[in-house]
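Chemist:
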Amino acid sequence: MISKVKIIGSGLIGTSIGLALKSAKIKLEMVDLDPNSAKLANDLVGGVNLTEPEVVIVSAPISNNLELILESLKLY
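For the sequence shown, our numbering gives the first residue as 376, with consecutive numbering after it.
This is how it looks when you write it as structure tokens:
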């Protein structure tokens, strides 16, 4: 079972996914280009700093997704 998830993009969709994962007791981290949005989302979902997530969910505007996916692939 998946236990650690990183969500890139803390808007409406990303935060909603985060809240659903929180209710399933999954550890998660929310990241966003806007530090204030990321902090608010992490506060809502109980986010923690994950060094090795098992799954990365990209929930950002479509125009940013390719760049974000490529950056994530370099990290993990």
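A virtual CB, placed ideally from N, CA and C, is assigned to each residue, including glycine.
Taking the continuous beta strand (DSSP E) assigned at Ile383, which residues delimit it?
Modeler: For the purposes of this step, residue 383 is identified with residue 8 of the sequence shown, where counting begins at 1. Note, Ile383: beta strand (DSSP E), Lys379 to Ile383.
Chemist: Can you give me the start and stop residues for the alpha helix (DSSP H) that Leu425 sits inside?
Modeler: Counting from 1 along the sequence shown, the entry for residue 425 is found at position 50. From DSSP, Leu425 is part of no alpha helix (DSSP H); its letter is neither H nor E.
Chemist: Which same chain residues end up closer than 7 Å to Lys402 when comparing Cβ atoms and leaving out the 5 residues on each side of it in sequence?
Modeler: Numbered from 1 along the sequence shown, position 27 holds the residue referred to as residue 402. Contacts found: Ser378, Lys379, Val423 and Leu425.
Chemist: For Leu403, does the three-state DSSP call read helix, strand or coil?
Modeler: Locating residue 403 in the sequence shown gives position 28, where the first residue counts as 1. Reduced to three states, the DSSP call for Leu403 is strand.
Chemist: Within its chain, find whatever has a CB closer than 8 Å to the CB of Val420; leave out the 5 residues flanking it on each side and keep chain order.
Modeler: Locating residue 420 in the sequence shown gives position 45, where the first residue counts as 1. For Val420, where only same-chain residues beyond five positions count, the Cβ hits under 8 Å are Thr390, Gly393, Leu394, Leu396, Lys397, Leu403 and Met405.
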